[in-house]
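Student:
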Amino acid sequence: MLSIITAAEAAGLIRDADSLIVGGNGGTGAAEAILDALERRFLGGQGPHNLTLINITGVGAVTEKGLCHLAHEGLIARVIGGNFGLQVPFMRLVRDELIDAYNFPQGVMSQLCRAMAAKHPGVLTHVGLNTYMDPRQDGGRMNKRTTAPLVDLLELHGQSWLLYRVPAPPDVAIIRGTSADEDGYVSMEHEGTTREDLSIAQAVHNAGGTVICQVKRIVKRGSIHPQMVKIPGFLIDHIVLEPDQMQTYGTAYDPARCGETRVPEAMITPDPLTERRVIARRAAFELRPRDVVNLGVGISAMIPNVAAEEGISDLITLTVESGVVGGVPGHAREFGTAINPRVILDQAYQFDFYDGGGLSCAFLLLSFAEVDAAGNVNVTRFGDRRDGSGGFIDITQNAKRLIFSGTMTGGKFDIGVENGRLAIRRDGAFRKFVPQVGQISFSASLAAQRGQHVSYVTERAVFELENGSVTLTEIAPGARLEEDILAHMGFRPRISPQLKDMDPRIFRSGPMGIAQSFKALPARPRKVA
Numbered sequence: 001m002l003s004i005i006t007a008a009e010a011a012g013l014i015r016d017a018d019s020l021i022v023g024g025n026g027g028t029g030a031a032e033a034i035l036d037a038l039e040r041r042f043l044g045g046q047g048p049h050n051l052t053l054i055n056i057t058g059v060g061a062v063t064e065k066g067l068c069h070l071a072h073e074g075l076i077a078r079v080i081g082g083n084f085g086l087q088v089p090f091m092r093l094v095r096d097e098l099i100d101a102y103n104f105p106q107g108v109m110s111q112l113c114r115a116m117a118a119k120h121p122g123v124l125t126h127v128g129l130n131t132y133m134d135p136r137q138d139g140g141r142m143n144k145r146t147t148a149p150l151v152d153l154l155e156l157h158g159q160s161w162l163l164y165r166v167p168a169p170p171d172v173a174i175i176r177g178t179s180a181d182e183d184g185y186v187s188m189e190h191e192g193t194t195r196e197d198l199s200i201a202q203a204v205h206n207a208g209g210t211v212i213c214q215v216k217r218i219v220k221r222g223s224i225h226p227q228m229v230k231i232p233g234f235l236i237d238h239i240v241l242e243p244d245q246m247q248t249y250g251t252a253y254d255p256a257r258c259g260e261t262r263v264p265e266a267m268i269t270p271d272p273l274t275e276r277r278v279i280a281r282r283a284a285f286e287l288r289p290r291d292v293v294n295l296g297v298g299i300s301a302m303i304p305n306v307a308a309e310e311g312i313s314d315l316i317t318l319t320v321e322s323g324v325v326g327g328v329p330g331h332a333r334e335f336g337t338a339i340n341p342r343v344i345l346d347q348a349y350q351f352d353f354y355d356g357g358g359l360s361c362a363f364l365l366l367s368f369a370e371v372d373a374a375g376n377v378n379v380t381r382f383g384d385r386r387d388g389s390g391g392f393i394d395i396t397q398n399a400k401r402l403i404f405s406g407t408m409t410g411g412k413f414d415i416g417v418e419n420g421r422l423a424i425r426r427d428g429a430f431r432k433f434v435p436q437v438g439q440i441s442f443s444a445s446l447a448a449q450r451g452q453h454v455s456y457v458t459e460r461a462v463f464e465l466e467n468g469s470v471t472l473t474e475i476a477p478g479a480r481l482e483e484d485i486l487a488h489m490g491f492r493p494r495i496s497p498q499l500k501d502m503d504p505r506i507f508r509s510g511p512m513g514i515a516q517s518f519k520a521l522p523a524r525p526r527k528v529a
């Protein structure tokens with residue numbers, strides 16, 4: 001018999017000191033009704049207390065929803081997660097030393113779900129070497145109170161590897177689908193991502209725990225096509241019915257995000273020509289025909305809009321680490337999904353492809369917070385922020401070409417485009433180019449060993465990683481070398497003898513002609529060792 005319970009009843013199944021694993025990815029796949037009920041129960045004084053939370057990546061909307069529901073001292077004692085930056089209240093618990101906190105790469109977290117299901121000891125991988133994941137640095141520990149080692153450095157066949165240990169089996173899983181039949185078989189036909197919910201259910205079931213799945217409807221026994229079923233009914237203990245479940249945190253339901261329909265690309269209007277779009281337009285010049293590309297959040301997520309305006313969307317394949325392949329990826333509360341996707345994979349399979357070097361190039365997740373003189377990048381720990389890596393480390397250590405995109409300075413600034421030139425009216429107060437990064441999220445020396453091509457694109461300058469140093473190669477029209485670039489850097493970069501102006505088309509509205517230039521560009525990227 002199918003067990004259908006309320007969200008409040010589901011929250012009541014979680015006990016003090018339980019290990020809880022929560023599915024979801026960015027703005028998608030969150031069992032919002034259950035997480036909200038769990039928060040209400042805790043704030044009402046009924047517990048639970050001192051949970052260990054396992055989350056694959058960030059789930060929520062900055063200050064609300066998702067894991068923000070769990071961001072209370074006393075509710076969580078320990079977290080092992082792929083990202084915290086999407087949930088500011090949760091990040092505060094990490095920063096203020098109120099909980100033990102481990103951050104592992106998002107791909108590793110996804111693959112750990114499969115390892116938990118199969119009762120393997122962990123995930124053995126090269127991902128994370130020479131970064132703060134490496135036990136020779138922080139071992140993925142995100143604050144001082146977190147001491148127990150969960151990552152081991154191993155030598156095997158003359159090569160260094162990291163073993164990310166499987167956490168203790170979770171007691172409870174909270175996941176989500178679209179439909180459940182009368183035997184509990186779950187499909188995800190309205191979901192924009194399918195994540196690793198199957199592996200989560202297998203892991204918790206095999207450990208004797210409780211699997212709770214939120215869905216929006218119940219359908220007749222056996223009525224779901226077997227190829228559409230994502231989770232067999234014997235893995236599900238309880239179903240929570242939530243008819244008003246949203247597809248993402250920004251959209252109730254868009255059939256173009258789950259493949260039920262396709263919308264004309266002409267419906268995608270160009271973004272305004274701001275400093276952020278300038279960066280996205282310049283970054284788009286790094287694309288090559290038949291590229292398979294990863295896109296991150298922030299400025300990088302604006303590149304699909306540029307590709308649509310340039311008419312090159314069909315000449316490249318855009319992917320998101322969530323498992324989406326093709327289409328036009330969304331950003332902000334739609335991040336993780338795409339309009340008109342060609343394929344929606346389970347996330348672990350996407351990272352198998354990424355980790356194996358399948359990406360032609362990547363426009364990096366979260367861009368950059370700090371870049372140092374050696375070319376190292378920090379996106380994970382700076383100021384009051386303890387963001388965690390998400391898929392950043394998996395992607396940066398394996399893509400053939402890397403394009404870091406971000407503004408030259410941080411904080412409040414007033415920068416625009418006037419008459420085809422960059423206009424810097426007021427600069428930000430915070431330097432992003434610093435003598436030494438506070439935490440190594442991307443290792444430039446490892447990139448050099450692997451033969452990766454690395455660019456750092458800002459609204460006023462472009463830098464390349466050349467011979468172990470950051471080299472200035474392009475400057476925007478309207479930007480002054482000393483006053484607008486070098487004066488805002490904590491080190492003096494190498495200046496290329498071939499220093500040139502950024503393409504003037506970037507600073508004018510309308511298509512830049514990338515489609516025409518594609519005919520003269522090589523289609524095959526260089527091979528990474």
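Sequential numbering of the sequence shown, starting at 1, is according to the numbering used here.
Think of the CB as a built atom: it goes at the ideal place given N, C-alpha and C, for glycine as much as any other residue.
(1) Starting from residue 185, trace the alpha helix (DSSP H) both ways and give me its first and last residue.
(2) Check whether the Cβ of residue 259 lies closer than 9 angstroms to any Cβ atom in chain D.
(3) Can you list, in chain order, the residues of its chain whose CB lies under 6 angstroms from that of residue 111, leaving out five sequence neighbours each side?
(4) So, with DSSP's three-state summary, where would you put residue 236?
(5) Report the option in 47, 38, 50, 73 whose CA atom is closest to the CA atom of residue 66.
(6) By the 10 Å Cβ neighbour count, where 16 or more other Cβ atoms means buried, how is residue 397 classified, buried or exposed?
(7) Span of the beta strand (DSSP E) holding residue 450?
(8) Grab me the residues of residue 515's own chain with a C-beta within less than 6 angstroms of its C-beta, minus the 5 sequence neighbours each way, in chain order.
(9) Measure the alpha-carbon distance for residue 116 versus residue 390 and round it to whole angstroms.
(10) Among residues of its own chain, excluding the 5 on either side of residue 393, which ones have a beta-carbon nearer than 7 angstroms to its beta-carbon?
(11) Judging by CA-CA distance, which residue of 146, 377, 54 is the nearest neighbour of residue 469?
(12) Whose C-beta lies closer than 7 angstroms to the C-beta of residue 205 among residues of the same chain, with five residues either side of it excluded?
(13) Quick one: residues in its chain with C-beta nearer than 7 angstroms to the C-beta of residue 458, no 5 flanking neighbours on either side, listed in chain order?
(14) Looking only at C-alpha atoms, which of 387, 355, 318 sits nearest to residue 363?
(15) With distance defined between alpha-carbon atoms, name the residue in 244, 346, 402, 255 nearest to residue 284.
(16) How far does the alpha helix (DSSP H) with residue 456 in it reach, from first residue to last?
(17) When burial is assigned at 16 or more other CB atoms within 10 Å of the CB, is residue 1 buried or exposed?
(18) Just reading off the beta strand (DSSP E) that residue 463 is part of, what are its end residues?
(19) From residue 316 to residue 199, what distance separates their C-alpha atoms?
(20) DSSP three-state label for residue 100, please.
(21) List, from N- to C-terminal side, the alpha helix (DSSP H) runs of 4 residues or more that fit wholly inside the segment 94-175.
(22) Could you give the distance in angstroms between the alpha-carbon of residue 412 and the alpha-carbon of residue 77?
(23) So residue 186 and residue 166 are in contact, right, with Cβ under 8 angstroms, and what is the actual spacing, rounded?
(24) Taking the C-alpha atoms as reference points, what is the distance between residue 274 and residue 415?
(25) Give me the residue from 445, 92, 49, 174 with the minimum Cα distance to residue 55.
(26) For residue 35, report the span of its alpha helix (DSSP H) as first-last.
(27) Apply the 10 Å Cβ neighbour rule to residue 331 and answer buried if 16 or more other Cβ atoms are within range, or exposed otherwise.
(28) With three or more beta-carbon pairs closer than 8 angstroms as the criterion, would you say the segment 216-225 touches the segment 257-265?
(29) Can you have a look at residue 118 and say buried or exposed, based on whether 16 or more other CB atoms are within 10 angstroms of its CB?
(30) For the alpha helix (DSSP H) holding residue 206, just list the boundary residues, first then last.
(31) Given this structure, state the Cα-to-Cα distance separating residue 268 from residue 329, to the nearest angstrom.
(32) Mapping DSSP to helix, strand and coil, what is residue 410?
(33) Determine the extent of the beta strand (DSSP E) in which residue 214 is found, giving its start and end residues.
(34) Which residues bound the alpha helix (DSSP H) around residue 316?
(35) From which residue to which residue does the alpha helix (DSSP H) around residue 305 run?
(36) Please identify the residue among 231, 191, 109 whose C-alpha is closest to the C-alpha of residue 151.
Tutor: Let me lay it out:
(1) Here residue 185 is taken as the residue at index 185 of the sequence shown, counted from 1. Segment: none, residue 185 is in no alpha helix (DSSP H) and carries neither H nor E.
(2) Of the chains in the structure shown, none is chain D; there is only one protein chain.
(3) Mapped onto the sequence shown, residue 111 falls at position 111. Once the five neighbours on either side are set aside, the close Cβ partners of residue 111 are 123, 348.
(4) Counted from its first residue, the sequence shown places residue 236 at position 236. Residue state, collapsed to three classes: coil.
(5) Locating residue 66 in the sequence shown gives position 66, counting from the first residue. Comparing C-alpha distances from residue 66 to each of 47, 38, 50, 73 shows the shortest one belongs to 38.
(6) Your numbering for residue 397 matches position 397 in the sequence shown. Around the beta carbon of residue 397, 16 or more other beta carbons sit within 10 angstroms, so the residue counts as buried.
(7) By one-based count along the sequence shown, residue 450 stands at place 450. Taken as a continuous stretch (DSSP letters only), residue 450 belongs to no beta strand (DSSP E), being part of the alpha helix (DSSP H) at 444-450.
(8) The count along the sequence shown starts at 1 and reaches residue 515 at position 515. Correct list, in chain order: 310, 311, 312.
(9) Within the sequence shown, numbered from 1, the residue matching residue 116 stands at position 116. Within the sequence shown, numbered from 1, the residue matching residue 390 stands at position 390. Using only the alpha carbons, I get a separation of about 20 angstroms.
(10) As a working mapping, residue 393 is identified with position 393 in the sequence shown. So the qualifying residues of the chain are 105, 127, 128, 131, 133, 441.
(11) Locating residue 469 in the sequence shown gives position 469, where the first residue counts as 1. For residue 469, the nearest C-alpha among the options comes from 377.
(12) Residue 205 sits at position 205 when you count from the first residue of the sequence shown. 211, 235.
(13) Your numbering for residue 458 matches position 458 in the sequence shown. If we look at residue 458 and ignore the five residues flanking it on each side, its Cβ neighbours are 279, 406, 407, 408.
(14) On the sequence shown, position 363 is the one that residue 363 refers to. With distances taken between Cα atoms, residue 363 lies closest to 318.
(15) For the purposes of this step, residue 284 is taken as the residue at position 284 of the sequence shown. Ranking 244, 346, 402, 255 by Cα distance to residue 284 puts 402 first.
(16) Looking up residue 456 in the sequence shown gives position 456. Per DSSP, residue 456 belongs to no alpha helix (DSSP H); it is in the beta strand (DSSP E), 453-457.
(17) If you number the sequence shown from 1, residue 1 lands on position 1. With fewer than 16 other Cβ atoms within 10 Å, it is exposed.
(18) Locating residue 463 in the sequence shown gives position 463, counting from the first residue. It spans 461-466 - the beta strand (DSSP E) in which residue 463 sits, taken as one unbroken run.
(19) Your numbering for residue 316 matches position 316 in the sequence shown. Your numbering for residue 199 matches position 199 in the sequence shown. Each residue's alpha carbon lies about 31 angstroms from the other.
(20) In the sequence shown, residue 100 corresponds to position 100, counting from 1. DSSP places residue 100 in strand when its eight states are reduced to three.
(21) 106-118
(22) By one-based count along the sequence shown, residue 412 stands at place 412. By one-based count along the sequence shown, residue 77 stands at place 77. Going by the C-alpha atoms only, they are around 35 angstroms apart.
(23) Stepping through the sequence shown from its first residue, residue 186 is reached at position 186. Stepping through the sequence shown from its first residue, residue 166 is reached at position 166. The Cβ separation is near 24 angstroms, so there is no contact.
(24) Against the sequence shown, residue 274 aligns to sequence position 274. Against the sequence shown, residue 415 aligns to sequence position 415. Cα to Cα, the separation comes out at about 8 angstroms.
(25) Position 55 of the sequence shown holds residue 55. With distances taken between Cα atoms, residue 55 lies closest to 174.
(26) Start at 1 with the first residue of the sequence shown, and residue 35 comes out as number 35. Segment 32-43, the alpha helix (DSSP H) holding residue 35.
(27) Numbered from its first residue, the sequence shown carries residue 331 at position 331. With 16 or more Cβ atoms within 10 Å of its Cβ, residue 331 is classed as buried.
(28) No, they do not touch.
(29) Translated into positions along the sequence shown, residue 118 becomes position 118. Result: exposed.
(30) In the sequence shown, residue 206 corresponds to position 206, counting from 1. It spans 197-206 - the alpha helix (DSSP H) in which residue 206 sits, taken as one unbroken run.
(31) Here residue 268 is taken as the residue at index 268 of the sequence shown, counted from 1. Here residue 329 is taken as the residue at index 329 of the sequence shown, counted from 1. Rounded to the nearest angstrom, the two C-alpha atoms are 12 angstroms apart.
(32) Numbered from 1 along the sequence shown, position 410 holds the residue referred to as residue 410. Three-state DSSP puts residue 410 in a strand.
(33) In the sequence shown, the residue the question calls residue 214 occupies position 214. Looking at the DSSP string, the run of the beta strand (DSSP E) that includes residue 214 is 210-215.
(34) Locating residue 316 in the sequence shown gives position 316, counting from the first residue. No alpha helix (DSSP H) contains residue 316, which DSSP labels as neither H nor E.
(35) Working through the sequence shown from its first residue, we reach residue 305 at position 305. That run of the alpha helix (DSSP H) goes 303-310.
(36) Here the question's residue 151 lines up with position 151 in the sequence shown. Minimum Cα distance to residue 151 is reached at 109.
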